[in-house]
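Enquirer: Mapping the sequence shown onto UniProt numbering, position 12 (from 1) lands on 12, and the numbers just tick up by one. The beta carbon of each residue, even a glycine, is placed where N, CA and C say it ideally should be.
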Amino acid sequence: MSTLEIRDLKVSIDTDQGVKPILKGVDLTINEGEIHAVMGPNGSGKSTLAYTIAGHPRYNVDGGSILLDGREVLEMSVDERAKAGLFLAMQYPVEIPGVTVANFLRTAKTALDGEAPAIRSWVKDLRTHMSDLKMDPSFAERNVNEGFSGGEKKRHEIMQLELLKPKFAVLDETDSGLDVDALKIVSEGVNRAKANTGLGLLMITHYTRILRYIKPDFVHVFVDGHVAEQGGPELADRLEDEGYDRYVTAAAEAA
Ligand code: ADP
Ligand code: MG
Ligand code: MG
Numbered sequence: 001m002s003t004l005e006i007r008d009l010k011v012s013i014d015t016d017q018g019v020k021p022i023l024k025g026v027d028l029t030i031n032e033g034e035i036h037a038v039m040g041p042n043g044s045g046k047s048t049l050a051y052t053i054a055g056h057p058r059y060n061v062d063g064g065s066i067l068l069d070g071r072e073v074l075e076m077s078v079d080e081r082a083k084a085g086l087f088l089a090m091q092y093p094v095e096i097p098g099v100t101v102a103n104f105l106r107t108a109k110t111a112l113d114g115e116a117p118a119i120r121s122w123v124k125d126l127r128t129h130m131s132d133l134k135m136d137p138s139f140a141e142r143n144v145n146e147g148f149s150g151g152e153k154k155r156h157e158i159m160q161l162e163l164l165k166p167k168f169a170v171l172d173e174t175d176s177g178l179d180v181d182a183l184k185i186v187s188e189g190v191n192r193a194k195a196n197t198g199l200g201l202l203m204i205t206h207y208t209r210i211l212r213y214i215k216p217d218f219v220h221v222f223v224d225g226h227v228a229e230q231g232g233p234e235l236a237d238r239l240e241d242e243g244y245d246r247y248v249t250a251a252a253e254a255a
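#1: Which residue wins for smallest C-alpha separation from Gly177, given the options Leu164, Leu163, Lys154 and Ala169?
#2: Between the segment 39-55 and the segment 230-247, can you find at least three pairs of beta-carbon atoms closer than 8 Å?
#3: DSSP three-state call for Gly225: helix, strand or coil?
#4: For Gly45 versus Ile22, is the C-beta distance shorter than 7 Å?
#5: At what residues does the alpha helix (DSSP H) containing Lys124 begin and finish?
#6: Please confirm if the segment 164-176 is in contact with the segment 192-211, defined as three or more CB-CB distances below 8 Å between the two stretches.
#7: Looking only at its own chain, which residues have a Cβ that is under 8 Å from the Cβ of Gly98, when we skip the five neighbours before and after it?
#8: For Ala118, count neighbouring C-beta atoms within 10 Å of its own C-beta (all shown protein chains included) and say buried if the count is 16 or more, exposed if not.
#9: What is the DSSP secondary structure of Ile24, reduced to helix, strand or coil?
#10: Near Ala84, what residues of its chain come up, given a Cβ to Cβ distance below 6 Å and the 5 sequence neighbours on each side ignored?
#11: Helix, strand or coil for Val144, going by three-state DSSP, please let me know.
#12: Quick one: measure Cβ to Cβ for Gly189 and Leu133, integer angstroms, because I've assumed they're closer than 8 Å.
#13: On the three-state DSSP scale, how would you describe Val99?
#14: Apart from the five residues just before and just after residue 301, which ones in its own chain have a Cβ nearer than 6 Å to its Cβ?
#15: What number of angstroms, rounded off, separates the C-alpha of Asn191 from the C-alpha of Glu34?
#16: Look at the Cβ atom of Ser12, then the Cβ atom of Lys20, and state whether they are nearer than 7 Å.
#17: Grouping DSSP H, G and I as helix and E and B as strand, with all else coil, what is Ala169?
#18: Given this structure, state the Cα-to-Cα distance separating Arg212 from Leu4, to the nearest angstrom.
#19: Would you mind stating whether Ala50 and Pro216 have Cβ atoms separated by less than 7 Å?
#20: Please determine whether the Cβ atom of Gly45 lies at a distance below 6 Å from any heavy atom of ligand 1.
#21: Could you pull out every residue in the same chain whose Cβ sits closer than 7 Å to the Cβ of Gly231, ignoring the five residues on either side in sequence?
#22: Near Thr52, which residues of its chain fall below 6 Å by C-beta distance, leaving aside the five closest residues on each side in sequence?
#23: DSSP on Asp8, reduced to helix/strand/coil?
#24: My understanding is that Leu112 touches Leu161, with C-beta atoms under 8 Å, so please give their C-beta distance in whole angstroms.
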């Protein structure tokens with residue numbers, strides 16, 4: 001069984017005002033097939049956690065480790081992380097001028113597997129996933145992220161999840177800017193990936209809305225750069241009723 005283990009992770013960034021610590025000792029373990037929701041107020045460091053797992057150069061790792069089946073992810077290049085089975089959907093995905101969705105996905109798949117997928121089954125897979133995600137076939141011929149609506153970006157992310165079959169994915173605010181119909185379609189895609197490929201998921205979200213469609217196995221309340229509380233799905237219900245106020249107050253008192 002695959003495991004992604006984040007241990008005592010400490011991360012800072014360089015700002016004009018000097019070095020700013022953001023992650024202050026994050027502990028979190030995800031097993032294959034588990035969905036973990038990371039929830040917390042704005043500015044608590046959720047996206048920093050996502051970028052650090054992805055290997056974004058802006059973030060300085062000051063301590064701790066991220067182990068994927070015992071291998072140190074922090075020592076891997078971004079490419080190596082993807083090859084090892086990590087997938088990170090960026091909160092604001094970049095445009096790739098002149099590269100179509102179909103080419104992008106095929107290139108990514110080829111890079112990951114070390115060989116090009118057989119063309120017939122690949123085309124069939126692509127069509128199936130697009131149809132599952134209620135996407136028009138013409139979408140495959142559009143340039144990546146060029147003029148994509150919020151919903152199209154999210155569907156494209158989920159299409160990558162289903163086609164590239166990573167072991168673990170980090171989705172940052174996948175619910176932001178989606179209407180209820182799009183949210184349902186995207187959530188079904190995530191649930192399929194979990195069921196079909198045993199995907200382990202770290203789902204970062206500020207709001208509880210998406211958790212009605214993607215049932216988390218574990219919920220982590222993230223405040224001031226660390227996990228302030230962990231629980232089961234019932235913790236999300238409590239957050240929906242009570243918000244983050246008492247965690248924020250407790251963190252401020254502890255500081
Ligand atoms: P969240 O995703 O929980 O809203 P972030 O990880 O985006 O939190 O941000 C955590 C803290 O780090 C915030 O105070 C934010 O202002 C700061 N921060 C994050 N990235 C940068 C950056 N590139 N430059 C300056 N400050 C940043
Ligand atoms: Mg933010
Ligand atoms: Mg964020």
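Expert: Let me spell this out:
#1: Residue mapping note: residue 177 aligns to position 177 of the sequence shown, counting from 1. Closest by alpha carbon: Lys154.
#2: yes
#3: Looking up residue 225 in the sequence shown gives position 225. It is coil, neither helix nor strand.
#4: As a first step, residue 45 must be located in the sequence shown, where it is residue number 45. As a first step, residue 22 must be located in the sequence shown, where it is residue number 22. Yes, they are a contact pair.
#5: Counting from 1 along the sequence shown, the entry for residue 124 is found at position 124. Looking at the DSSP string, the run of the alpha helix (DSSP H) that includes Lys124 is Ile119 to Asp132.
#6: yes
#7: Sequence index remark: in the sequence shown, residue 98 carries index 98 (1-based). Once the five neighbours on either side are set aside, the close Cβ partners of Gly98 are Asn143.
#8: Taking the sequence shown and counting its residues from 1, one reaches residue 118 at position 118. Its Cβ having fewer than 16 others within 10 Å, Ala118 is exposed.
#9: In the sequence shown, the residue the question calls residue 24 occupies position 24. One detail in the question is off: residue 24 reads as Lys in this sequence, not Ile. Looking at Lys24 - three-state DSSP - the assignment turns out to be strand.
#10: Position 84 of the sequence shown, counted from the first residue, corresponds to residue 84. The residues are Leu68.
#11: Counted from its first residue, the sequence shown places residue 144 at position 144. Three-state result, Val144: coil.
#12: Residue numbering aside, residue 189 sits at position 189 when the sequence shown is read from its first letter. Residue numbering aside, residue 133 sits at position 133 when the sequence shown is read from its first letter. Their Cβ separation, rounded to whole angstroms, is 6 Å, which keeps Gly189 and Leu133 in contact under 8 Å.
#13: As a working mapping, residue 99 is identified with position 99 in the sequence shown. Coil.
#14: Here the chain covers residues 1 to 255 and nothing more, so residue 301 does not appear.
#15: As a position in the sequence shown, residue 191 is number 191, starting the count at 1. As a position in the sequence shown, residue 34 is number 34, starting the count at 1. Taking the straight line joining both Cα atoms gives about 11 Å.
#16: The count along the sequence shown starts at 1 and reaches residue 12 at position 12. The count along the sequence shown starts at 1 and reaches residue 20 at position 20. Cβ distance < 7 Å, so Ser12 and Lys20 count as in contact.
#17: Stepping through the sequence shown from its first residue, residue 169 is reached at position 169. In the three-state reduction of the DSSP assignment, Ala169 falls in the strand class, which pools E and B.
#18: Within the sequence shown, numbered from 1, the residue matching residue 212 stands at position 212. Within the sequence shown, numbered from 1, the residue matching residue 4 stands at position 4. Taking the straight line from one Cα to the other gives about 25 Å.
#19: Here the question's residue 50 lines up with position 50 in the sequence shown. Here the question's residue 216 lines up with position 216 in the sequence shown. Result no, Cβ atoms of Ala50 and Pro216 do not sit closer than 7 Å.
#20: The sequence position of residue 45 within the sequence shown is 45, counting from 1. Taking 6 Å as the cut-off, one finds at least one heavy atom of ligand 1 near enough to the beta carbon of Gly45.
#21: Locating residue 231 in the sequence shown gives position 231, counting from the first residue. Once the five neighbours on either side are set aside, the close Cβ partners of Gly231 are Val219.
#22: On the sequence shown, residue 52 is found 52 positions in, with the first residue counted as 1. Answer for Thr52: Val11 and Tyr59, listed in chain order.
#23: Walking along the sequence shown from the start, residue 8 turns up at place 8. In this structure, Asp8 counts as strand in the three-state DSSP scheme.
#24: As a first step, residue 112 is located in the sequence shown; it is residue number 112 there, counting from the start. As a first step, residue 161 is located in the sequence shown; it is residue number 161 there, counting from the start. Not a contact, Cβ separation roughly 13 Å.
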